[in-house]
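Engineer:
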DNA sequence: CGGTACTTTGACCAGGATCAATCGCCGTGG
DNA sequence: CCACGGCGATTGATCCTGGTCAAAGTACCG
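Residue numbers (this note's numbering), protein chains in the order written: chain A, 489 to 738; chain B, 489 to 738.
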């Protein structure tokens with residue numbers, strides 16, 4: 489089974505099979521992290537690149553009054569700070585959401601990789617740009633949708649992103665968030681998150697129990713929140729036995 | 489007077505004086521655009537890079553129900569689509585907000601520039617990452633702040649960004665938005681925008697008349713909305729006679 | 001068995017949306 | 001010159017999404 493990073497970058501449409509072993513190797517050395525562990529503190533000036541190999545992490549900002557906004561979700565195969573050194577100090581923190589494994593790559597290794605493998609360099613660019621695209625989708629989600637659709641949209645996105653890296657089935661995945669965290673993701677209070685979830689359950693759009701989210705009808709959920717996966721910029725899965733296995737789109 | 493692009497990239501802290509003429513040249517050839525003109529349609533697959541030389545533009549997404557969210561603001565010196573070709577089709581549109589000038593650079597020219605000038609390449613990276621950082625700040629703004637602070641935060645950001653490129657004075661700038669557009673930026677209704685503006689005026693935080701925004705006390709406004717410019721990642725202005733030369737505004 | 005973290009529920013309140021009417025400003029055409 | 005229409009801003013009235021406060025229930029853990 490390929491690593492999540494390989495699975496993800498394969499969907500950029502920019503790689504050939506020759507690139508895959510190199511990419512695989514990036515995930516080889518990883519260290520375990522525990523849930524809640526802070527990977528990068530705001531203000532730090534890191535000199536390594538963090539790659540999620542297993543587990544979830546999140547990027548967040550904290551306002552002086554104590555309010556918190558999660559501004560990014562790193563799933564297996566996602567980089568936490570591919571850019572790190574260019575910007576100087578970080579303007580937000582990153583912490584693990586679940587136990588998992590993180591690879592820490594020296595910035596130099598990444599730089600060398602980019603110089604020597606132009607296709608991979610482009611694929612990394614692609615990953616960064618998709619991240620930015622997701623931010624725009626989130627911004628639209630917060631700015632224009634009400635609680636229930638907002639939540640549904642997040643679930644749709646997570647379903648697709650996790651399916652890409654082989655961490656979700658056709659209809660569900662493990663959702664390791666507390667309701668407070670869901671609130672920090674969506675700009676809602678924990679109380680309201682609870683009610684919205686009840687509501688979605690009541691409409692039969694989701695089944696959420698024991699940290700596992702099931703979506704009885706993915707098309708229905710997508711219609712409900714106008715989810716259009718275009719912003720994830722995924723090329724069709726290619727290669728051996730590409731098949732009817734991904735019904736993505738809609 | 490240097491072009492806005494030069495002024496902006498100078499603040500990356502990554503360039504030397506030798507790079508400046510090359511950067512200047514990018515703004516040399518520009519064509520006029522009128523207010524409202526669409527520069528890039530959603531779904532298009534552009535093969536040129538757009539650079540704002542003068543005037544404002546905005547990036548926006550439209551939901552099926554007709555709601556609109558502005559997900560980016562391009563000021564003089566900002567690129568509209570530095571990444572263009574990698575992602576394939578665009579997931580949003582870009583339109584001019586005011587009359588202005590736009591340079592259209594062939595993607596090849598940009599690629600060559602990146603290959604031949606590594607410092608400039610890094611500076612362009614920097615610009616892209618700052619854009620992403622701004623998106624995270626906006627997301628936090630929408631998710632965690634109420635209308636009045638949200639508006640104030642936008643004004644603070646615009647003031648700083650415009651000052652960088654010499655298009656704002658110490659205390660104000662030309663704000664070419666209608667209240668509907670402000671609403672689309674901030675996720676507020678036009679009616680509420682009107683009330684929030686009254687409120688800010690009432691508190692003496694802003695003076696807004698004839699499309700010109702004046703901020704009587706910038707520190708007060710910043711305190712009001714917890715504005716911390718760190719996310720713009722600006723290095724101190726360097727170089728010959730760094731000074732009080734940019735009162736541009738008008 | 002008590003503590004802690006998370007979820008649920010209820011009551012109440014407020015930020016902000018929606019609907020609707022009015023007003024001011026301009027540009028256009030009679 | 002004036003009437004008209006369109007756009008944007010303002011204001012008022014009303015409604016609703018979602019926040020806050022508070023309490024209680026649930027589950028896990030040492």
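Just so it is clear, CB atoms sit at the ideal spot from N, CA and C, and this is done for glycine as well. Computed from a predicted structure; not experimentally measured.
Taking all protein chains shown into account, do 16 or more other C-beta atoms lie within 10 angstroms of the C-beta of residue 629/B, making it buried, or fewer, making it exposed?
Structural biologist: Position 141 of the second chain, counting from 1, holds the residue named residue 629/B. Looking at its Cβ environment, which holds 16 or more other Cβ atoms inside 10 Å, residue 629/B is buried.
Engineer: Leaving out the 5 sequence neighbours to the left and right, which residues in its chain are closer than 6 Å to residue 673/B when beta-carbon positions are compared?
Structural biologist: As a first step, residue 673/B is located in the second chain; it is residue number 185 there, counting from the start. Closer than 6 Å at Cβ, skipping near neighbours: 558.
Engineer: Decide if the stretch 663-678 of chain B is in contact with the stretch 575-589 of chain B; the criterion is three or more beta carbon pairs, one per stretch, under 8 Å apart.
Structural biologist: Because the criterion of three Cβ pairs below 8 Å is met, the stretch 663-678 of chain B and the stretch 575-589 of chain B touch.
Engineer: Starting from the beta carbon of residue 561/A, find every residue of chain B whose beta carbon is closer than 7 Å, and list them in chain order.
Structural biologist: The sequence position of residue 561/A within the first chain is 73, counting from 1. By Cβ distance, chain B contributes nothing, its closest Cβ being about 12 Å from residue 561/A, past 7 Å.
Engineer: Kindly indicate which three-state DSSP category residue 594/B falls into: helix, strand or coil?
Structural biologist: For the purposes of this step, residue 594/B is identified with residue 106 of the second chain, where counting begins at 1. The answer is strand: DSSP assigns residue 594/B an E or B state.
Engineer: Distance check for residue 517/A and residue 539/A, CA to CA, integer angstroms please.
Structural biologist: The count along the first chain starts at 1 and reaches residue 539/A at position 51. The count along the first chain starts at 1 and reaches residue 517/A at position 29. Each residue's alpha carbon lies about 10 Å from the other.
Engineer: Is residue 580/B near residue 699/A, with beta carbons less than 8 Å apart?
Structural biologist: Within the second chain, residue 580/B is the residue found at index 92, counting from 1. Within the first chain, residue 699/A is the residue found at index 211, counting from 1. Their beta carbons are not under 8 Å apart, which means residue 580/B does not touch residue 699/A by this criterion.
Engineer: Compare the C-beta of residue 721/B against all C-beta atoms of chain A and say whether one is closer than 8 Å.
Structural biologist: Residue 721/B sits at position 233 when you count from the first residue of the second chain. So yes, residue 721/B belongs to the interface.
Engineer: Name the residue from 670/B, 695/B, 508/B and 642/B whose alpha carbon lies nearest to the alpha carbon of residue 710/B.
Structural biologist: Working through the second chain from its first residue, we reach residue 710/B at position 222. Looking at the Cα atoms, 642/B is the closest of the given residues.
Engineer: Given that a residue counts as buried once 16 or more other Cβ atoms are within 10 Å of its Cβ, and exposed if not, what is residue 721/B?
Structural biologist: What you label residue 721/B is simply residue 233 of the second chain in a count that begins at 1. Buried is the call here.
Engineer: With a 10 Å radius around its C-beta and 16 neighbouring C-beta atoms as the bar for buried, classify residue 560/A as buried or exposed.
Structural biologist: Indexing the first chain from 1 puts residue 560/A at position 72. The residue is buried, with at least 16 neighbouring Cβ atoms inside 10 Å.
Engineer: Would you say residue 605/A and residue 505/A are within 8 Å of each other, going by their C-beta atoms?
Structural biologist: The residue labelled residue 605/A in the question sits at position 117 within the first chain. The residue labelled residue 505/A in the question sits at position 17 within the first chain. No, Cβ-Cβ distance for residue 605/A and residue 505/A is not below 8 Å.
Engineer: What are the boundary residues of the beta strand (DSSP E) that includes residue 661/A?
Structural biologist: Taking the first residue of the first chain as 1, we reach residue 661/A at position 173. Taken as a continuous stretch (DSSP letters only), the beta strand (DSSP E) holding residue 661/A covers 660-662.
Engineer: Taking 7 Å as the cut-off, is the C-beta of residue 639/B nearer than that to any heavy atom in the ligand HEM?
Structural biologist: Inclusion of the ligand HEM in the displayed structure is not the case, the ligand content being empty and no account of it being possible.
Engineer: What are the residues in the stretch 598-620 of chain A lying within 8 Å of chain B by C-beta distance?
Structural biologist: Residues passing the 8 Å Cβ filter: 610, 613, 614, 616, 617, 618, 619 and 620.
Engineer: Taking just the CA atoms, how far does residue 597/A sit from residue 497/B?
Structural biologist: Counting from 1 along the second chain, the entry for residue 497/B is found at position 9. Counting from 1 along the first chain, the entry for residue 597/A is found at position 109. Rounded to the nearest angstrom, the two C-alpha atoms are 26 Å apart.
Engineer: On the DSSP letters alone, give me the boundaries of the alpha helix (DSSP H) that residue 725/A sits inside.
Structural biologist: By 1-based counting over the first chain, the position of residue 725/A is 237. Unbroken run through residue 725/A: none, as it is neither H nor E.
Engineer: Please decide whether residue 624/A counts as near chain B, where near means a Cβ-Cβ distance under 8 Å.
Structural biologist: Translated into the one-based positions of the first chain, residue 624/A becomes position 136. Residue 624/A counts as touching chain B.
Engineer: Please classify residue 489/A as buried or exposed, where buried requires at least 16 neighbouring CB atoms within 10 angstroms.
Structural biologist: Taking the first residue of the first chain as 1, we reach residue 489/A at position 1. Looking at its Cβ environment, which holds fewer than 16 other Cβ atoms inside 10 Å, residue 489/A is exposed.
Engineer: Grab me the residues of residue 731/B's own chain with a C-beta within less than 6 Å of its C-beta, minus the 5 sequence neighbours each way, in chain order.
Structural biologist: Within the second chain, the letter at position 243 stands for residue 731/B. With a pLDDT of only 44 at residue 731/B, under 50, the local geometry of the prediction cannot be trusted, and the value read off the model is given with reservation. Nothing listed; no residue qualifies.
Engineer: In the structure shown, what three-state DSSP assignment does residue 586/A receive?
Structural biologist: Here residue 586/A refers to the residue found at position 98 when the first chain is read from its first residue. Reduced to three states, the DSSP call for residue 586/A is coil.
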